[in-house]
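*Asks:*
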Amino acid sequence: MSEHATIGVFLILTLVFPIAAMIAAWLFRAKPEPSEEKLLPYECGVDTQGPSQMRFKINYFIYALVFLAFDVETIFLYPWAAKFQSLGLFAFVEMIIFIAILVVGLWYAWKEGALKWY
Amino acid sequence: METIFINIEEFLTSWMVGMGLAQPWADLIITILQWTIIVLIITVNTIVLVWMERKVSGFIQERIGPNRLGPFGAFQTIADTLKLLTKEDIVPARADKLIFKTAPMFFIIVSVMLYAVLPLGNNMAVVDLNVGLFYFISLASLSTICLLMAGWGSNNKWSLLGAMRSVAQMISYEIPLVFSLLGVVMIAGSLNLTDIVTAQNRVWFIILQPVAFIIYFIAATAELNRGPFDMPEAEQELTAGAYTEYTGMRWALFFLAEYTNLVAVSVLAATLFLGGGHGPWLPSWLWIIIKTYLIMLVFMWTKWTFPRIRMDHLLSFSWKVLIPVSLANILVTGAGIELFRWMGW
Numbered sequence: 065m066s067e068h069a070t071i072g073v074f075l076i077l078t079l080v081f082p083i084a085a086m087i088a089a090w091l092f093r094a095k096p097e098p099s100e101e102k103l104l105p106y107e108c109g110v111d112t113q114g115p116s117q118m119r120f121k122i123n124y125f126i127y128a129l130v131f132l133a134f135d136v137e138t139i140f141l142y143p144w145a146a147k148f149q150s151l152g153l154f155a156f157v158e159m160i161i162f163i164a165i166l167v168v169g170l171w172y173a174w175k176e177g178a179l180k181w182y
Numbered sequence: 312m313e314t315i316f317i318n319i320e321e322f323l324t325s326w327m328v329g330m331g332l333a334q335p336w337a338d339l340i341i342t343i344l345q346w347t348i349i350v351l352i353i354t355v356n357t358i359v360l361v362w363m364e365r366k367v368s369g370f371i372q373e374r375i376g377p378n379r380l381g382p383f384g385a386f387q388t389i390a391d392t393l394k395l396l397t398k399e400d401i402v403p404a405r406a407d408k409l410i411f412k413t414a415p416m417f418f419i420i421v422s423v424m425l426y427a428v429l430p431l432g433n434n435m436a437v438v439d440l441n442v443g444l445f446y447f448i449s450l451a452s453l454s455t456i457c458l459l460m461a462g463w464g465s466n467n468k469w470s471l472l473g474a475m476r477s478v479a480q481m482i483s484y485e486i487p488l489v490f491s492l493l494g495v496v497m498i499a500g501s502l503n504l505t506d507i508v509t510a511q512n513r514v515w516f517i518i519l520q521p522v523a524f525i526i527y528f529i530a531a532t533a534e535l536n537r538g539p540f541d542m543p544e545a546e547q548e549l550t551a552g553a554y555t556e557y558t559g560m561r562w563a564l565f566f567l568a569e570y571t572n573l574v575a576v577s578v579l580a581a582t583l584f585l586g587g588g589h590g591p592w593l594p595s596w597l598w599i600i601i602k603t604y605l606i607m608l609v610f611m612w613t614k615w616t617f618p619r620i621r622m623d624h625l626l627s628f629s630w631k632v633l634i635p636v637s638l639a640n641i642l643v644t645g646a647g648i649e650l651f652r653w654m655g656w
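If you read the sequences in order, they're chains A and B. Take 65 as the starting number for the first sequence in my numbering and just add one per residue. Take 312 as the starting number for the second sequence in my numbering and just add one per residue.
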């Protein structure tokens with residue numbers, strides 16, 4: 065079998081695993097009719113106030129943007145790193161420029177206060 | 312002893328082919344067998360690890376730890392597993408049922424899939440993928456989504472806060488994690504995990520890349536949401552964060568996935584930095600086990616030694632210290648390789 069077919073088989077088998085675990089638990093577990101109180105959100109005994117799936121101030125919004133930029137860079141960096149030794153000095157100089165651009169981006173985000181958790 | 316598992320595999324394949332089975336079907340059955348063994352190892356190993364974690368924390372805090380069931384409390388985790396199996400399954404009335412129920416399943420699927428490429432000994436990976444390292448990293452980053460699903464689907468304020476924290480933490484620490492591995496890839500010149508192990512024939516990469524190893528270790532701790540970076544599930548303030556609403560088997564799946572990830576990350580560390588299966592006298596798969604357990608012991612030691620780190624400190628540590636250092640590490644590694652070549656070594 066090709067490598068990717070093996071991974072596909074592995075994935076299908078793995079999909080079965082949690083389902084089998086849940087079925088096993090279903091066979092063994094106690095199944096009392098839960099009371100209304102039990103199905104409330106657990107907030108240390110205090111009744112929950114207002115909705116929980118609400119608009120939330122996502123502190124890491126700008127982190128996520130910077131992360132996205134860096135993560136895309138990573139995809140470029142990996143093939144470069146794997147072929148680094150056969151590409152010679154050219155690759156090294158090229159990468160210095162590439163990383164310099166990254167560093168400038170990071171410095172700008174830092175300066176603008178994007179890396180601050182309020 | 313070295314090739315005992317490979318010999319068994321080859322013997323089984325040739326036996327099945329000899330019985331008149333076509334080669335692809337024999338391969339399929341071998342893959343199913345390998346998967347079964349891996350899942351068995353994962354589940355049994357988790358039971359051992361939970362016991363070990365409690366014992367280690369006990370010794371560090373000058374307690375005895377579990378000591379009632381069996382010798383040194385060794386059967387405690389088995390009893391816990393049975394308890395979790397018989398616990399009732401509570402799905403909160405206000406939860407988003409589909410997301411709530413699938414989150415633990417996705418988490419465990421992602422963690423088990425990591426083992427498809429890990430070499431558990433010389434030539435003992437299920438798939439010897441040529442982009443093995445890349446596969447590992449891209450899959451490992453998916454666990455962020457599972458935690459977000461759990462936190463959002465629970466419709467609980469603790470869960471939401473915990474999930475938000477864990478996403479912020481995991482995306483921040485993923486970049487130093489990925490950058491730290493670049494140095495290893497540059498020296499080994501391959502993304503194939505077996506090739507990387509072979510490249511460590513003469514010297515382990517922890518000696519050539521000590522900074523990368525430290526960054527990898529710190530970032531992996533944060534990716535695993537383990538102490539001292541366990542703000543997302545801080546028991547004392549968030550009552551377990553994203554896992555608050557989970558009971559019984561669903562919670563057990565989360566727990567299993569966490570320890571599965573811990574083992575996977577430790578095996579990867581042993582493979583990339585500690586020479587994989589290389590070592591004197593003992594067979595390679597035994598060396599992998601020894602190295603993995605040593606790394607996990609250090610993970611536990613860190614968890615129970617350091618106090619929890621504040622959220623803002625944690626994030627600025629990643630962005631303002633780890634990322635610049637890991638970028639510098641790439642540059643120094645590149646310069647080092649160029650220098651070595653220029654000197655003609």
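Where is the CB? At the ideal position from N, CA and C, for every residue including glycine. Note that the structure is a prediction, hence the values are computed from the model and not measured.
For residue 471 (chain B), collect the residues of the same chain with a Cβ closer than 8 Å to its Cβ; drop the 5 residues on either side in sequence, then sort them by chain order.
*Replies:* Cβ within range, chain order: 462, 463, 465.
*Asks:* Can you tell me whether residue 399 (chain B) is buried or exposed, with buried defined as 16 or more other CB within 10 angstroms of its CB?
*Replies:* With fewer than 16 Cβ atoms within 10 Å of its Cβ, residue 399 (chain B) is classed as exposed.
*Asks:* If you draw a straight line from the C-alpha of residue 520 (chain B) to the C-alpha of residue 652 (chain B), how long is it?
*Replies:* When rounded, the distance between both Cα atoms is 18 Å.
*Asks:* Please report the straight-line C-alpha distance between residue 363 (chain B) and residue 414 (chain B), rounded to a whole angstrom.
*Replies:* If I take the Cα positions, the gap works out to 27 Å.
*Asks:* Got a sec: is the Cβ-Cβ distance from residue 512 (chain B) to anything in chain C below 9 Å?
*Replies:* Absent from the structure: chain C. Protein chains present are A and B.
*Asks:* Going along the chain, which residues of the region 489–510 of chain B sit with their C-beta nearer than 7 Å to a C-beta in chain A?
*Replies:* Those would be 489, 493, 496, 497, 500, 501, 502, in chain order.
*Asks:* So, is residue 502 (chain B) buried or exposed, given that buried needs 16 or more other C-beta atoms within 10 angstroms?
*Replies:* Residue 502 (chain B) should be labelled buried.
*Asks:* So, helix, strand or coil for residue 620 (chain B), using DSSP?
*Replies:* It is coil, neither helix nor strand.
*Asks:* Among the candidates B:634, B:582, B:586, B:568, whose CA atom is the shortest distance from the CA of residue 424 (chain B)?
*Replies:* Ranking the options by Cα distance to residue 424 (chain B), first place goes to B:568.
*Asks:* Step through the CB atoms of chain B and report whether any lies within less than 9 Å of the CB of residue 167 (chain A).
*Replies:* Chain B contact via Cβ: present.
*Asks:* Note down, in chain order, all residues in the region 395–408 of chain B with a beta-carbon under 7 Å from any beta-carbon belonging to chain A.
*Replies:* Going along the region 395–408 of chain B in chain order, one finds 396, 397, 398, 399, 400, 401, 403, 404, 405 with a Cβ nearer than 7 Å to chain A.
*Asks:* Answer yes or no: the CB of residue 406 (chain B) versus the heavy atoms of the ligand ATP, is any distance below 8 Å?
*Replies:* The ligand ATP is absent from the structure shown, which contains no ligand whatsoever.
*Asks:* Would residue 578 (chain B) pass as a contact of residue 74 (chain A) if the rule is Cβ separation under 9 Å?
*Replies:* Contact flag unset, no.
*Asks:* Going by C-alpha distance, which of B:626, B:572, B:625, B:639 is nearest residue 420 (chain B)?
*Replies:* The residue with the shortest Cα to Cα distance from residue 420 (chain B) is B:572.
*Asks:* In three-state DSSP terms, what is residue 600 (chain B)?
*Replies:* Looking at residue 600 (chain B) - three-state DSSP - the assignment turns out to be helix.
*Asks:* Can you list the residues of chain A that residue 427 (chain B) reaches, using a CB-CB cut of under 7 Å?
*Replies:* Simply 71, 74.
*Asks:* When DSSP labels each residue in this structure, what does residue 639 (chain B) get in the three-state scheme?
*Replies:* Of the three classes helix, strand and coil, the one that applies to residue 639 (chain B) here is helix, per DSSP.
*Asks:* Can you pull the chain A neighbours of residue 463 (chain B), defined as C-beta to C-beta under 7 Å?
*Replies:* Within chain A, the residues near residue 463 (chain B) are 117.
*Asks:* Using a cut-off of 9 Å between C-beta atoms, extract the partners of residue 437 (chain B) located in chain A.
*Replies:* Going along chain A in sequence order, the residues near residue 437 (chain B) (Cβ under 9 Å) are 70, 71, 74.
*Asks:* DSSP state of residue 376 (chain B), grouped into three classes?
*Replies:* Residue state, collapsed to three classes: coil.
*Asks:* Quick check on the DSSP output: the alpha helix (DSSP H) that includes residue 558 (chain B) runs from which residue to which?
*Replies:* Taken as a continuous stretch (DSSP letters only), residue 558 (chain B) belongs to no alpha helix (DSSP H), as it is neither H nor E.
*Asks:* List the residues of chain A that residue 415 (chain B) touches, going by C-beta distances under 8 Å, in chain order.
*Replies:* Going along chain A in sequence order, the residues near residue 415 (chain B) (Cβ under 8 Å) are 82.
*Asks:* Please state if the CB of residue 360 (chain B) and the CB of residue 622 (chain B) are separated by a distance shorter than 9 Å.
*Replies:* Not in contact: residue 622 (chain B) and residue 360 (chain B) (Cβ atoms no closer than 9 Å).
*Asks:* Measuring CA to CA, which of B:589, B:474, B:405, B:530 is closest to residue 100 (chain A)?
*Replies:* Nearest of B:589, B:474, B:405, B:530 to residue 100 (chain A), Cα basis: B:405.
*Asks:* Indicate whether at least one CB of chain B lies closer than 9 Å to the CB of residue 163 (chain A).
*Replies:* Cβ-Cβ to chain B under 9 Å: yes for residue 163 (chain A).
*Asks:* Can you tell me the Cβ-Cβ gap for residue 597 (chain B) and residue 516 (chain B), rounded? I've got them flagged as a contact below 8 Å.
*Replies:* Residue 597 (chain B) to residue 516 (chain B), Cβ: 20 Å. No contact.
*Asks:* Report, in whole angstroms, the separation of the C-beta atoms of residue 544 (chain B) and residue 536 (chain B), which I expect to be a contact under 8 Å.
*Replies:* Contact holds; Cβ gap of about 6 Å.
*Asks:* Kindly confirm or deny that the region 487–501 of chain B and the region 136–154 of chain A touch, where touching means at least three C-beta pairs closer than 8 Å.
*Replies:* Flag = yes, the region 487–501 of chain B and the region 136–154 of chain A touch.
*Asks:* Taking the continuous alpha helix (DSSP H) assigned at residue 105 (chain A), which residues delimit it?
*Replies:* First-last for residue 105 (chain A): undefined, no H or E at that position.
*Asks:* Answer yes or no: does any C-beta atom of chain B fall closer than 9 Å to that of residue 92 (chain A)?
*Replies:* Chain B contact via Cβ: present.
*Asks:* Does chain B have any CB closer than 9 Å to the CB of residue 142 (chain A)?
*Replies:* By this cut-off, residue 142 (chain A) is an interface position.
*Asks:* So, does the CB of residue 619 (chain B) fall closer than 9 Å to a CB anywhere in chain A?
*Replies:* It does not; no Cβ of chain A falls within 9 Å.
*Asks:* Between residue 135 (chain A) and chain B, is there a C-beta pair that is closer than 9 Å?
*Replies:* Chain B, which has a Cβ nearer than 9 Å to the Cβ of residue 135 (chain A), makes this yes.
*Asks:* Which chain B residues sit within Cβ distance under 7 Å of residue 95 (chain A)?
*Replies:* Those are 399, listed as they occur along chain B.
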